[in-house]
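Quick notes on the structure that follows.
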Amino acid sequence: MEQFLRRHLDKLGRAAGAAAAAYAGYHLLQLIGRWGISALTRSFTARLLQDTYDENLWELVHASSRVTPQIVLENALRAESGHVITRPLGSRRRYKELDTITFDIAQLAREPRPSNLSVDTAVVLGPRAQAPLRLEIPIMVAGMGYGLALSGPAKIALANGARMAGTASNSGEGLIAPGELEAAGKYVLQIGRACWNREISLIKRADMIQIQLGQGASGGSGHPIGYDDLNQLTRRAFKLRKNEQIIIHTQLPEIKNAKQLSAVVRSLRELTPVPIDVKIGAGKFLEEDMQMAIDAGVDSISIDGAQAGSHAAAPILMDDFGLPTFHALVRAADFLEHNGYKGEISLIISGGLYTPGDFLKCLALGADAVAIGTAALLAISHTPVAQLLPWEPPTQLVYATGKHKDSFCPKQGATDLYHFLMSCVDEMILGTRTLGKQSLAAIDRNDLMSYDPQVAQTAGIDYMGTPQTIGRGASLQPEWLRREHERAHEAAIELVKRRFACVNLLDTAPAKQSL
């Protein structure tokens, strides 16, 4: 019994000693830690507040505050490579024009549409073509090339998801991925500025032909794609020899001018009854480009704003060239309206559009449909992205050269894209009912207003800071035009007042002298 008690007392003593040591050690470490942190803080603060600027660490903070982290990163990449760098997924600029615009609310002056009544979401593109493109929703998947940008499974997911949603997917400027045509419902075949996708069999299977003259992310610039920038599957698909490059030309080899564009359109008409679309980046001479395309006989025009993304484009082309999407859309829609082309020539807009609100505003401003790229990529890759973060970006799942492309599931990606598109359309339907309209196509600029006077004037919509005139005195002029007339009238009155004031002073001066 004694031995038993002695043994257990020894164990308790050792445990108590260990606990006491741990407790003391914890407080000792806490004391040392506090002392060390305090000493470090005092030293750092002293240096920060006493060192001259040329030796002060705050110089880095000051320099970084003058530019964004992205500019710091890209300048470092330029310093490292010594060559043109490329950036994926569009411009760093965020143009705010669409964000300043909101929709009206139907309540008493205008009745909202009851929730038990349907809203028409369908759109017909290229109505004057022999076989117009009919879509159930006005949101299309933009062109993203197989092999040059995306992997085969990613292209299958985009095509399948678009089919499930009742809309069209686009080949982009790459080849057709194996199984892509079979997965797609409505398919837009892009004839790009290289030398493929010209086969008659492909042209006859497409539901729309898109002649790609340029894009928002890179204008009409050409560029080579190196052998080492392509994976083995893509090299075999393009039948490349060792170290052979792929060349994207500045212009289509067949089209150097408007006359040749007309000849290409006529040739395509002989092969297929589907609409012929031309895709251009938006520039200063947008209206002239559109008129030349219409004169060439196209049925539809796709316009890429400056916010449009790309797999890889030079930052200078994305950030410092072209018209923003808002201005491009307003000018293009006005051109079609004022020249009697609205209802005959379809208008598709793209570039920096991500939300149902963006899409619905574009339709109200005059687009027949929108095309999305980055938003679609993020949708198909959102489920497995947790496996990559924070070490890799989501695009490594969908790029042809992505490190994790083999873990991408096209079936799941298609389902995710379908859900995204349906969710967006449901929100657009809700907004349409709130406006009291029966279809997406019925929404127009009268349903819009902006808190930015310049945006309101550019778009020809109401400025929300001005109350509406009601009754017999209601003006039929656009609100911005009425305000301009009022400003001009007030300025004229003020000028007359100043002139009379000067005359009175001159007239009274002699009288004062005589007194």
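Final position of the sequence shown in the working numbering is 527; the numbers increase by one with none missing. A virtual CB, placed ideally from N, CA and C, is assigned to each residue, including glycine. None of these values were measured; they are calculated from a predicted model.
{"Asked": "Proximity test, Thr-427 beta-carbon vs the ligand GTP heavy atom, cut-off 6 Å", "Found": "Ligands displayed in this structure: none; no statement on the ligand GTP is therefore possible."}
{"Asked": "Supposed close pair Ala-143, Val-286 - CB separation, criterion 8 Å", "Found": "5 Å"}
{"Asked": "Cβ-Cβ separation, Ile-151 to Phe-371 (assumed contact under 8 Å), whole Å", "Found": "6 Å"}
{"Asked": "Under 7 Å between C-beta atoms of Asp-138 and Asp-307", "Found": "Before going further, note that residue 138 is Gly rather than Asp in the sequence given. Against a cut-off of 7 Å, the Cβ pair of Asp-307 and Gly-138 comes out as no contact."}
{"Asked": "CB contact flag (Ile-288, Ile-361, <7 Å)", "Found": "no"}
{"Asked": "Neighbourhood of Asp-519 by C-beta, 7 Å cutoff - its chain only, sequence neighbours within 5 removed", "Found": "Annotation note: pLDDT 43 at Asp-519 (below 50); position unreliable, coordinate value reported separately. So the list is empty, once near-sequence residues are dropped."}
{"Asked": "Residue interval of the beta strand (DSSP E) (run including Arg-146)", "Found": "145-147"}
{"Asked": "Complete runs of the alpha helix (DSSP H) confined to the segment 130-216 [at least 4 residues]", "Found": "164-177 and 192-195"}
{"Asked": "Through-space distance from Gly-477 to Lys-296, alpha-carbon basis", "Found": "31 Å"}
{"Asked": "Cβ contact (3+ pairs, closer than 8 Å) linking the segment 375-385 and the segment 457-476", "Found": "yes"}
{"Asked": "Simplified DSSP assignment, three categories, for Val-7", "Found": "With the chain represented from 13 up to 527, any question about residue 7 goes unanswered, as that position is not in the structure."}
{"Asked": "Per-residue DSSP class, three states only, for Ser-451", "Found": "strand"}
{"Asked": "Same chain only: Cβ atoms within 6 Å of Arg-343, ignoring 5 sequence neighbours per side", "Found": "Leu-298"}
{"Asked": "Best match in Pro-422, Ala-340, Gly-317 and Val-410 for proximity to Gln-227 [C-alpha to C-alpha]", "Found": "Gly-317"}
{"Asked": "Residue closest to Gly-363, alpha-carbon to alpha-carbon, out of Arg-175, Leu-442 and Ala-340", "Found": "Ala-340"}
{"Asked": "Coil, strand or helix - Gly-425 by DSSP", "Found": "helix"}
{"Asked": "Whole-Å CB distance - Asp-132 paired with Gln-450, under 8 Å assumed", "Found": "7 Å"}
{"Asked": "Alpha carbon of Val-153 to alpha carbon of Asn-182, nearest angstrom", "Found": "6 Å"}
{"Asked": "Distance between Ala-180 and Ile-292 (C-alpha atoms, nearest Å)", "Found": "19 Å"}
{"Asked": "Cβ pair Thr-395, Gln-424 closer than 7 Å", "Found": "yes"}
{"Asked": "Proximal residues to Gly-155 (C-beta, below 6 Å), its chain only, five neighbours per side dropped", "Found": "Asn-182, Gly-184 and Gln-202"}
{"Asked": "Neighbourhood of Tyr-353 by C-beta, 7 Å cutoff - its chain only, sequence neighbours within 5 removed", "Found": "Ile-306"}
{"Asked": "Meets three-Cβ-pair contact criterion under 8 Å: the segment 189-198 and the segment 161-170", "Found": "yes"}
{"Asked": "Bounding residues of the alpha helix (DSSP H) (the contiguous stretch that carries Ser-312)", "Found": "Per DSSP, Ser-312 belongs to no alpha helix (DSSP H); it is in the beta strand (DSSP E), 312-316."}
{"Asked": "For Gln-272, the nearest candidate out of Thr-284, Thr-444, Arg-253 and Gly-309 (CA to CA)", "Found": "Gly-309"}
{"Asked": "Cβ shell of Val-515 (< 7 Å), same chain only, five flanking positions each side left out", "Found": "Residue placement at Val-515 cannot be trusted, given a pLDDT of 42 that sits under 50; what the coordinates show is reported in the next sentence. Correct list: empty, nothing qualifies."}
{"Asked": "Nearest neighbour of Ile-267, chosen from Ala-294, Arg-281, Met-302 and Gln-224 [CA to CA]", "Found": "Gln-224"}
{"Asked": "Under the three-state DSSP convention, the category Thr-367 falls into", "Found": "coil"}
{"Asked": "Whole-angstrom C-beta distance between Gly-157 and Leu-429, which should lie under 8 Å", "Found": "18 Å between Cβ atoms; not a contact."}
{"Asked": "For Ala-381, three-class secondary structure by DSSP", "Found": "strand"}
{"Asked": "Local Cβ density within 10 Å of Glu-109, reported as buried at 16 or more and exposed below that", "Found": "buried"}
{"Asked": "Buried or exposed by the 16-neighbour rule on C-beta atoms within 10 Å, applied to Gly-355", "Found": "exposed"}
{"Asked": "Phe-115 in three-state terms, based on DSSP", "Found": "strand"}
{"Asked": "C-alpha gap between Ser-526 and Gly-472, whole angstroms", "Found": "Because the pLDDT of Ser-526 is 35, which lies under 50, any placement of that residue in the model is unreliable, and the question is left without a value."}
{"Asked": "Buried or exposed by the 16-neighbour rule on C-beta atoms within 10 Å, applied to Leu-147", "Found": "buried"}
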